[in-house]
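Some notes on the structure that comes next.
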Amino acid sequence: MEGFLFAYWFVLFTLIATAYFPLSLSQTRFFCYQP
3 MEGFLFAYWF
13 VLFTLIATAY
23 FPLSLSQTRF
33 FCYQP
């Protein structure tokens, strides 16, 4: 059960990371291009 819970949180964290990483990357790129 603990292994299943760990896998569940790992998948959830990976999905959130993959969803927010391009967004934050584009935001930092946008802020870097601003004078």
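Residue numbers for the sequence shown follow my numbering, beginning at 3 and rising by one.
Virtual Cβ for every residue (Gly too), placed ideally from N, Cα, C.
Cα-Cα separation, residue i to residue j
i: T20; j: L7; result: 20 Å
i: L27; j: F12; result: 22 Å
i: M3; j: F15; result: 18 Å
i: Y10; j: I18; result: 12 Å
i: L25; j: G5; result: 31 Å
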